[in-house]
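Participant: Protein chains in written order, with the working numbering: chain A, 1 to 361; chain B, 362 to 722.
Glycine included, C-beta positions come from ideal geometry on N, C-alpha and C.
1) My guess is that residue 710 (chain B) and residue 660 (chain B) are in contact by the Cβ rule of under 8 Å, so how many angstroms apart are they, rounded?
2) At which residues does the alpha helix (DSSP H) containing residue 364 (chain A) begin and terminate?
3) Let me check understanding here. Comparing Cα to Cα, which of B:701, B:676, B:497 and B:611 lies closest to residue 562 (chain B)?
4) In chain B, what lies closer than 7 Å to residue 337 (chain A) by C-beta?
5) So, at 6 Å on beta carbons, what are the nonlocal neighbours of residue 606 (chain B) in its own chain, with the 5 sequence-adjacent residues on each side left out?
6) Measuring alpha carbon to alpha carbon, tell me which of B:558, B:596, B:597 and B:593 ends up nearest residue 579 (chain B).
7) Between residue 448 (chain B) and the ligand NAP, is there a pair consisting of the residue's CB and a ligand heavy atom that are separated by less than 7 Å?
8) Using a Cβ cut-off of 8 Å (strictly closer), state whether residue 322 (chain A) contacts chain C.
9) In whole angstroms, what separates the C-alpha of residue 355 (chain A) from that of residue 483 (chain B)?
10) Looking at the secondary structure, which residues open and close the beta strand (DSSP E) in which residue 107 (chain A) lies?
11) Interface residues of chain A around residue 444 (chain B) at Cβ under 7 Å?
12) Suppose only complete runs of 3+ residues qualify. What are the beta strand (DSSP E) ranges in the region 539–574 of chain B, listed by chain order?
13) Within 10 Å of its beta-carbon, does residue 349 (chain B) have 16 or more other beta-carbons around it, so buried, or fewer, so exposed?
14) Name the DSSP bridge partner or partners of residue 461 (chain B)?
15) Between the region 291–308 of chain A and chain B, which residues of the former have CB atoms less than 9 Å from a CB of the latter, in chain order?
16) In the DSSP output, what is residue 658 (chain B) paired with across the bridge?
17) When the Cα atoms are used, what is the spatial distance from residue 271 (chain A) to residue 321 (chain A)?
18) Apply the 10 Å Cβ neighbour rule to residue 302 (chain A) and answer buried if 16 or more other Cβ atoms are within range, or exposed otherwise.
19) Determine, for residue 679 (chain B), whether the minimum Cβ-Cβ distance to residues of chain A falls below 8 Å.
20) So, helix, strand or coil for residue 604 (chain B), using DSSP?
21) Can the beta-carbon of residue 346 (chain A) be found closer than 8 Å to that of residue 329 (chain A)?
22) According to a CB-to-CB cut-off of less than 8 Å, which residues of the region 174–189 of chain A neighbour chain B?
23) Comparing alpha-carbon positions, which option in B:595, B:620, B:621 and B:583 lies nearest residue 525 (chain B)?
24) Using a Cβ-Cβ cut-off of 7 Å (strictly less than) and excluding sequence neighbours within five positions of residue 704 (chain B), which residues of its own chain qualify?
25) Along chain B, which residues have their Cβ under 7 Å away from the Cβ of residue 145 (chain A)?
26) For residue 426 (chain B), go through chain A and note every residue whose CB falls closer than 8 Å to its CB, in chain order.
27) So what does DSSP say about residue 236 (chain A), is it helix, strand or coil?
28) Any residues in the region 32–45 of chain A with a beta carbon nearer than 8 Å to a beta carbon of chain B? Which ones, in chain order?
29) Measure the C-alpha to C-alpha separation of residue 593 (chain B) and residue 550 (chain B) and round it to an integer number of angstroms.
30) Measuring CB to CB, does residue 87 (chain A) end up less than 8 Å from residue 666 (chain B)?
31) Residue 624 (chain B) lies in the alpha helix (DSSP H); which residues open and close that run?
32) Starting from the Cα of residue 489 (chain B), find the closest Cα among B:626, B:418 and B:567 and give me that residue.
33) Quick one: using the 10 Å Cβ neighbour count with 16 as the cut-off for buried, is residue 396 (chain B) buried or exposed?
34) Closer than 9 Å by beta-carbon distance: list the chain B residues that pair up with residue 100 (chain A), in chain order.
35) Which of the three DSSP states is assigned to residue 653 (chain B) in this structure?
36) Counting only Cβ pairs nearer than 7 Å, list the residues of chain A close to residue 451 (chain B).
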């Protein structure tokens with residue numbers, strides 16, 4: 001249903017660096033006057049999630065991009081009731097995803113570029129992972145999670161959990177942008193490069209390195225069911241012959257040895273620091289001396305409340321894991337050093353909310 | 362657990378009129394640059410709901426108001442893990458409900474006044490209705506609701522649905538403010554006034570009229586289980602001897618006759634226009650000629666996308682009812698006229714997002 005654009009440049013030109021000042025202004029500052037409206041808005045916020053997911057599911061923004069602009073026209077193309085479409089379109093207008101003028105609706109720039117399936121930058125499929133009932137369920141007893149200090153749901157770390165197949169498929173259109181930014185930094189040009197991609201998921205981090213470096217060989221480690229998606233993506237990007245898989249748990253399988261580059265995208269946040277150190281040690285022992293470790297994470301500032309998107313991510317780790325976290329650079333850097341790496345450094349990956357942490361084996 | 366303040370003035374002084382321009386600014390304007398961050402934020406918005414509900418459930422803001430300011434102190438009072446409290450407090454800081462300075466947290470003005478149980482204006486109990494699993498469940502297949510044009514869940518309109526008992530208890534601290542504003546307009550001073558309160562719930566609309574007019578007799582109609590809550594509130598506000606109940610469905614029970622005032626707070630939005638007209642006719646026939654009809658509703662402007670809080674309400678009617686709506690004044694006014702009323706007029710009820718529609722029998 002959703003395609004990953006192979007031309008990452010098309011995606012990038014539409015991805016502005018988000019102005020942190022603007023994001024901050026969206027939450028009421030601590031000095032503002034008491035505002036009960038903000039409480040209503042927050043308690044009803046789940047409706048935003050469900051309504052946007054429905055709009056994406058119904059291809060609302062695609063039908064509008066295709067020229068449907070009235071309730072009647074949109075309802076016909078979406079095979080939906082006029083009452084439902086009228087209410088959804090008005091709600092999407094209030095949320096800023098549509099414009100409304102008289103009785104006609106138009107896509108906002110965000111919807112036209114990122115939620116319309118005709119756009120090569122469409123990332124709408126994210127809804128099917130971010131608002132997946134399995135993920136949302138992790139939040140159903142948040143007070144219980146706060147009391148316990150970890151998930152009170154079944155979590156998402158069981159072997160071959162199908163939610164990660166959904167992740168691999170749904171998040172790919174967005175992740176290709178992050179992966180391409182990382183590849184530009186870590187891929188060597190034309191030089192043999194043995195690459196390990198830990199918890200590869202969609203496989204795009206390794207695949208983008210293989211695409212950037214025709215002499216790279218990529219070994220992707222993840223659950224067998226998820227690696228099927230990674231393999232499809234490797235085919236799509238034409239790197240199948242240099243794409244190898246290591247199915248199983250990153251804790252139990254053998255990674256092999258002699259790696260020049262180890263990619264660890266969005267994996268460490270699921271675990272506590274001792275577990276992360278153990279994993280990093282295992283990676284270290286599979287690497288050539290001087291090889292590069294590349295961690296992609298949500299890295300909040302030392303204050304842990306900024307920047308908002310990276311800092312907010314931690315609530316997902318409280319709801320969904322036993323002891324995961326959004327680690328600061330000081331914490332990541334400490335774990336990396338304990339595992340035997342040196343020269344750790346960080347760099348932001350605009351326009352994404354993620355950070356690249358590099359170190360040497 | 363939560364108390365309704367009997368001194369409404371205390372509540373009112375903290376309820377600012379929300380600046381509509383400021384509310385609008387919170388959603389991305391349709392002319393802004395494409396912003397994928399807004400899509401992430403919206404798809405993750407349900408986490409705001411669950412996290413704020415957890416904070417209220419754990420009395421987080423009350424413990425902070427009582428002087429706990431570090432993770433260790435707050436965790437001890439909340440009988441919760443330090444990891445959970447640290448993550449929740451940071452997230453609440455990002456959402457604007459707490460301030461953070463070094464390792465200490467403080468309540469934002471909104472939290473101190475409206476979410477701290479020591480405050481007479483505390484409305485935190487709203488979380489237990491607005492984020493009730495039964496209400497949230499109505500949104501679990503929003504695309505299905507849009508296709509069908511109505512709820513695909515069990516809805517909330519079954520006889521004696523216990524969710525309305527939760528409503529009556531949880532929403533009372535906020536509703537007393539709206540009810541008091543309405544009573545100031547419709548209560549006659551010292552003149553005999555026979556009042557019918559339709560779908561009374563917490564009973565506060567009628568009770569506030571009885572409080573404002575010592576010569577008023579109030580008849581509250583709702584499900585029997587809900588009326589128990591209304592009766593408790595009548596006791597609390599000292600109007601028990603002038604508070605009468607009419608248990609059962611508003612469609613089936615007899616209202617009696619000779620009413621000077623009929624209150625219809627937040628009821629019509631559950632039904633389609635023909636049903637509303639039928640109900641209004643039934644009310645009309647129970648009223649004295651020239652008597653007052655007072656409808657309290659979320660009334661969007663004719664554009665149906667402003668003001669945001671009243672206009673957003675309609676999504677709840679799509680998710681939870683077969684044919685409910687947030688009616689414009691023109692629509693309400695038309696239904697009221699069809700039922701035989703005249704001289705309809707509307708007035709906002711600041712600081713609430715609701716509107717009072719008046720008409721004469």
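Facilitator: Put simply:
1) With a Cβ gap of about 10 Å, residue 710 (chain B) and residue 660 (chain B) do not count as contacting.
2) Nothing about residue 364 (chain A) can be read from this structure; chain A reaches only from 1 to 361.
3) Distance check between residue 562 (chain B) and each of B:701, B:676, B:497 and B:611 places B:611 closest, using alpha-carbon atoms only.
4) By Cβ distance, chain B contributes nothing, its closest Cβ being about 23 Å from residue 337 (chain A), past 7 Å.
5) 581 and 588
6) B:558
7) Ligands displayed in this structure: none; no statement on the ligand NAP is therefore possible.
8) Among the chains of the structure shown, chain C does not appear; the protein chains present are A and B.
9) 40 Å
10) It spans 104–107 - the beta strand (DSSP E) in which residue 107 (chain A) sits, taken as one unbroken run.
11) 149
12) Within the region 539–574 of chain B, the complete beta strand (DSSP E) runs of at least 3 residues are 554–559.
13) There is no way to answer for residue 349 (chain B), as the model of chain B reaches only from 362 to 722.
14) According to DSSP, which records beta bridges pairwise, residue 461 (chain B) is partnered with B:466.
15) 300, 303, 304, 305, 306 and 308
16) B:716
17) 8 Å
18) exposed
19) yes
20) strand
21) yes
22) Listed in sequence order: 174.
23) B:583
24) 720 and 721
25) 445
26) Result: empty, since nearest Cβ-Cβ is about 13 Å, beyond 8 Å.
27) In the three-state scheme derived from DSSP, where H, G and I count as helix and E and B as strand, residue 236 (chain A) is classed as helix.
28) 32, 33, 34, 35, 36, 37, 38, 39, 40, 41, 42, 43, 44 and 45
29) Near 24 Å, if we compare the C-alpha coordinates of residue 550 (chain B) and residue 593 (chain B).
30) No, these two residues do not count as a Cβ contact at 8 Å.
31) That residue, residue 624 (chain B), is in no alpha helix (DSSP H); its beta strand (DSSP E) goes 620–626.
32) B:418
33) buried
34) 391, 664, 665 and 666
35) strand
36) Against chain A, a Cβ distance below 7 Å from residue 451 (chain B) picks out 304, 305, 311 and 314.
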